[in-house]
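Numbering follows the numbering used here, in which position 293 of the sequence shown is assigned residue number 293; successive positions increment by one, without gaps.
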Amino acid sequence: MNDPANSSDAELLASLSARDDLALAVLAGRHARPVYDFALRAALDRRRALDATVAVFRSLASVRPDVPARSVRSWLLNAVALEMLGANQRGPAAPDTPPDDPAFTAAAEALAPDAAGWAWEAALGLRLRDYCLVDLSVRRGLSVEDIERSVGGRSRVAGALSRAVGGFEEAYAAIALAARGAAACADLEAILARGRTRVAVRRETAAHAVTCERCRATLAGLPAAVDAFAALADVEPPPELPDRIFASGTGPAEAGRLSFAEAAPDSGAGPRVEATALAAASPDSAPEAAFEPGPPPSAQAGPQDPPGTVEAPGYFGSPADNSQRGGARTGLLAKLEAWFEPVSGRRLLWSYAALGAATALAVYLGVAVADSIRGGGEASGAVPLGSGLSVATTVPCVQTTTLASGESATVKLDAAALGGYEIASASVAPVAGPASAQLLTVRQDGPDTVRLTAAPVDSPAPRADEYRLRLELRRGNDNAVADCRVFVTAAVH
């Protein structure tokens, strides 16, 4: 390699495998800025962001030298995401890293004056794993295929990414309407004047905007959420980053004079995954368990890796292992298969035995989970949740009351009885009743809580619509489902 500065990422990676520290210096100069910016925005802590950036560049030598140039950038971003998620902390921010630091809202391109602030405020409200998904897709341009190398499973990534982007866009719309929409819509002004919590106001604002032509027109005249977020400029890394990367003293003298330039043309920044494409994600995608800490990247890729791929950090085990075995094994079956791996003649028998045991365990968990659904009030049977709403635990719901206009109620899981399971997603579907309109909607309020809302209705005759509330639950890599029956009733008006 004659001139490292003009070499491709793939050439630099090949030189790096031969312990060429100058190649590492050039790669750091190309990619340190987006890697550090990602880490800082995810962690909201400059020290942890710096430590994570240093760690992933020091481990870059473990990447195989024959990967395409795009994979270097993808590998670095996925690796720093793993570092952030392994710490599992997003705030409270360090004293020297306030979330309202102007560096976070500087725009790299022309943008409406307030849109950058709205986008960053919406991003601050995301959970850590959701933020990582949205940032990797919208700001870094990684495709679902890029991200799935670390997460494992296209439908899992697409589903989690779709939900995360949807939540981000909803928050952005509510923030933007609160700033710009009240003058054009009296109903919105009334919502904003109620003085409730910020979260409650945002949710009601977003729900109102779905059916309000004036508010939709206001949003149409503003930058889209993903465009505003993508336009934010990367925060400049601290000047001590090069010295930290080469702290062992083996780095080249040039390392101290690195400039963190924009990525070179061959660094592989691809087209952004648009939210409209994410909305078409497979409906049977797994619950929102996208990023889970997994093993660090190994020094060498296994022999089963196809040529030209990178052994990226695995959040659900090795990507190569997932692709060769048709998906990662989880729970009891995976452990038993690992125990009996050396005994090839007995492995099939034990796998079937383990599968039977896992099935029995899943049935038991399903009953236990259904038993642990509780609402406010009584602790068994049909639990009243408010005027017009009730939920059954393990028996059919027989108790109904009169529906009040716009009535809402909360379903909260008994966390102790669930043994660590959390709600990954919630949905409602009509079972019986008039098919003209679905009256019941559900929104997740936290890891153990969902909010049910019944729409107001004028009914010419008494009616009772039955719905199925399905809660998809997760605990690490283990999943469970709890089904409840909900009745919405209306009296004659």
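The beta-carbon is built from N, C-alpha and C at its ideal position, and this holds for glycine as well.
These figures come from a predicted structure and were not determined experimentally.
query = For Ser15, which option in Ala28, Thr211, Ala61, His31 has the closest C-alpha, if you only look at C-alpha atoms?
reply = For the purposes of this step, residue 15 is identified with residue 15 of the sequence shown, where counting begins at 1. With distances taken between Cα atoms, Ser15 lies closest to Ala61.
key: First through last residue of the alpha helix (DSSP H) which encompasses Ser194   = The residue you call residue 194 lines up with position 194 of the sequence shown. The sequence given here has Arg at residue 194, not Ser. Taken as a continuous stretch (DSSP letters only), Arg194 belongs to no alpha helix (DSSP H), as it is neither H nor E.
ask   = CB-CB under 7 angstroms to Asp20, same chain, minus the five flanking residues each way: which ones, in chain order?
value = The sequence position of residue 20 within the sequence shown is 20, counting from 1. Contacts found: none.
task = Rounded to whole angstroms, what's the CA-CA distance from Ala112 to Ala184? Just pull it up for me.
result = Walking along the sequence shown from the start, residue 112 turns up at place 112. Walking along the sequence shown from the start, residue 184 turns up at place 184. Cα-Cα distance, rounded: 19 angstroms.
ask   = Enumerated in chain order, which unbroken segments of the alpha helix (DSSP H) with a length of 4 residues or greater are wholly contained in the segment 3 to 87?
value = Inside the segment 3 to 87, DSSP marks whole alpha helix (DSSP H) runs of 4 or more residues at positions 9 to 17, 21 to 43, 46 to 58, 69 to 87, from first to last along the chain.
Residue interval of the beta strand (DSSP E) (run including Leu454) = Sequence index remark: in the sequence shown, residue 454 carries index 454 (1-based). For the sequence presented, residue 454 should be read as Ala rather than Leu. 449 to 454 is the span of the beta strand (DSSP E), which, as asked, contains Ala454.
request  = Please classify Glu145: is it buried, with 16 or more other beta-carbons within 10 angstroms of its beta-carbon, or exposed?
outcome  = Taking the sequence shown and counting its residues from 1, one reaches residue 145 at position 145. Exposed is the call here.
task = Indicate the three-state DSSP secondary structure (helix, strand or coil) for Arg443 in the structure shown.
result = Counting from 1 along the sequence shown, the entry for residue 443 is found at position 443. Look at Arg443 here: in three-state DSSP terms it is strand.
request  = Tell me, please, whether the CB atom of Leu469 is closer than 9 angstroms to any CB atom in chain B?
outcome  = The structure shown has no chain B; it contains just one protein chain.
request  = Alpha carbon to alpha carbon, how far is His31 from Ser7? Give it in angstroms, no decimals.
outcome  = Here residue 7 corresponds to residue number 7 of the sequence shown, with the count starting at 1. Here residue 31 corresponds to residue number 31 of the sequence shown, with the count starting at 1. Distance between the alpha carbons of Ser7 and His31: 14 angstroms.
request  = Please list, in chain order, all residues of the same chain as Ala18 whose beta carbon is under 6 angstroms from its beta carbon, the five residues on each side excluded.
outcome  = Position 18 of the sequence shown, counting from 1, holds the residue named residue 18. Cβ contact annotation for Ala18 (same chain, cutoff 6 angstroms, sequence separation greater than five): none.
task = Give the secondary structure of Ala225 by DSSP, where H, G and I count as helix, E and B as strand, and everything else as coil.
result = Against the sequence shown, residue 225 aligns to sequence position 225. Correct three-state label for Ala225: helix.
task = Let me know the alpha helix (DSSP H) ranges lying completely inside the segment 96 to 164, each 4 residues or longer, listed in chain order.
result = The segment 96 to 164 contains these whole alpha helix (DSSP H) runs: 115 to 124, 128 to 134, 144 to 151.
query = Ordered along the chain, which non-local residues of its own chain (more than five positions away) have a Cβ less than 7 angstroms from that of Cys215?
reply = Within the sequence shown, the letter at position 215 stands for residue 215. For Cys215, where only same-chain residues beyond five positions count, the Cβ hits under 7 angstroms are Leu177, Gly181, Cys185, Leu188, His208, Ala209.
ask   = Would you call Glu514 buried or exposed, if buried means 16 or more other Cβ atoms sit within 10 Å of its Cβ?
value = Residue numbering for the chain in the displayed model covers 1 to 493; residue 514 lies beyond these limits and cannot be assessed.
ask   = Would a C-beta distance cut-off of 9 angstroms place Ala43 and Ala87 closer than the cut-off?
value = On the sequence shown, position 43 is the one that residue 43 refers to. On the sequence shown, position 87 is the one that residue 87 refers to. In this structure, Ala43 lies near Ala87, with their beta-carbon atoms less than 9 angstroms apart.
message = Please classify Ala49 as buried or exposed, where buried requires at least 16 neighbouring CB atoms within 10 angstroms.
response = Taking the sequence shown and counting its residues from 1, the one referred to as residue 49 is at position 49. Buried is the call here.
inquiry  = Within 10 Å of its beta-carbon, does Glu407 have 16 or more other beta-carbons around it, so buried, or fewer, so exposed?
reply    = Counting from one through the sequence shown, the residue named residue 407 turns up at place 407. Burial is judged here by how many other beta carbons sit within 10 angstroms of a residue's own beta carbon; Glu407 has at least 16 and is buried.
key: Exposure of Asp3, with buried meaning 16 or more beta-carbon neighbours within 10 Å   = Counting from one through the sequence shown, the residue named residue 3 turns up at place 3. With fewer than 16 other Cβ atoms within 10 Å, it is exposed.
request  = List the endpoints of the continuous alpha helix (DSSP H) containing Asp234.
outcome  = The residue labelled residue 234 in the question sits at position 234 within the sequence shown. Secondary structure note for Asp234: it is in no alpha helix (DSSP H), with a DSSP letter that is neither H nor E.
task = Kindly indicate which three-state DSSP category Cys484 falls into: helix, strand or coil?
result = Numbered from 1 along the sequence shown, position 484 holds the residue referred to as residue 484. Here Cys484 carries a strand assignment [DSSP, helix/strand/coil].
request  = List the whole-angstrom C-beta distance separating Gly53 from Leu219, where the pair is believed to meet the contact cut-off of C-beta under 8 angstroms.
outcome  = Taking the sequence shown and counting its residues from 1, one reaches residue 53 at position 53. Taking the sequence shown and counting its residues from 1, one reaches residue 219 at position 219. Note on identity: in this sequence residue 53 is Thr, with Gly being the wrong assignment. In this structure, Thr53 and Leu219 do not form a Cβ contact; the two beta carbons are roughly 36 angstroms apart against a cut-off of 8 angstroms.
request  = Sort Glu466, Ala200, Leu124 by Cα distance to Pro98 and report the nearest one.
outcome  = Counting from 1 along the sequence shown, the entry for residue 98 is found at position 98. Of the candidates Glu466, Ala200, Leu124, Leu124 places its Cα closest to the Cα of Pro98.
query = Once you ignore the five residues that flank Leu136 on each side, which residues in its own chain have a CB closer than 7 angstroms to its CB?
reply = As a working note, residue 136 is residue 136 in the sequence shown. Cβ neighbours of Leu136 beyond the five flanking positions: Leu77, Ala81, Leu142, Ile147.
query = Using the beta-carbon count (16 or more within 10 Å), is Glu109 buried or exposed?
reply = Stepping through the sequence shown from its first residue, residue 109 is reached at position 109. Burial call: exposed.
query = Within 10 angstroms of its Cβ, does Ala119 collect 16 or more other Cβ (buried), or is it exposed?
reply = If you number the sequence shown from 1, residue 119 lands on position 119. That one is buried.
query = Hey, would you say Val428 sits closer than 9 angstroms to Leu440, going by beta carbons?
reply = Mapped onto the sequence shown, residue 428 falls at position 428. Mapped onto the sequence shown, residue 440 falls at position 440. Yes, the Cβ-Cβ distance between Val428 and Leu440 is below 9 angstroms.
Leu192 versus Ala171: straight-line alpha-carbon distance, rounded = The residue you call residue 192 lines up with position 192 of the sequence shown. The residue you call residue 171 lines up with position 171 of the sequence shown. Looking at the two C-alpha atoms, the distance is approximately 14 angstroms.
request  = Taking all protein chains shown into account, decide if Gly221 is buried (16 or more other Cβ within 10 angstroms of its Cβ) or exposed.
outcome  = Along the sequence shown, one-based indexing puts residue 221 at 221. Around the beta carbon of Gly221, fewer than 16 other beta carbons sit within 10 angstroms, so the residue counts as exposed.
key: Buried versus exposed, by CB contacts within 10 Å (16 or more), Arg140   = The count along the sequence shown starts at 1 and reaches residue 140 at position 140. Arg140 is buried by the Cβ-count criterion.
Alpha-carbon to alpha-carbon, Phe246 and Ala173 = By one-based count along the sequence shown, residue 173 stands at place 173. By one-based count along the sequence shown, residue 246 stands at place 246. Looking at the two C-alpha atoms, the distance is approximately 44 angstroms.
query = For Pro238, which of helix, strand or coil comes out of DSSP?
reply = For the purposes of this step, residue 238 is taken as the residue at position 238 of the sequence shown. In the three-state scheme derived from DSSP, where H, G and I count as helix and E and B as strand, Pro238 is classed as coil.
key: Contact under 9 angstroms by Cβ, Phe229 with Val157   = Residue 229 sits at position 229 when you count from the first residue of the sequence shown. Residue 157 sits at position 157 when you count from the first residue of the sequence shown. At a Cβ-Cβ threshold of 9 angstroms, Phe229 and Val157 do not count as neighbours.
task = Compare the beta carbon distance of Arg41 and Val235 with 9 angstroms and say whether it is the shorter of the two.
result = Within the sequence shown, numbered from 1, the residue matching residue 41 stands at position 41. Within the sequence shown, numbered from 1, the residue matching residue 235 stands at position 235. Their beta carbons are under 9 angstroms apart, which means Arg41 touches Val235 by this criterion.
Limits of the unbroken alpha helix (DSSP H) element including Cys212 = By 1-based counting over the sequence shown, the position of residue 212 is 212. Premise fails: Cys212 is in no alpha helix (DSSP H) and is neither H nor E.
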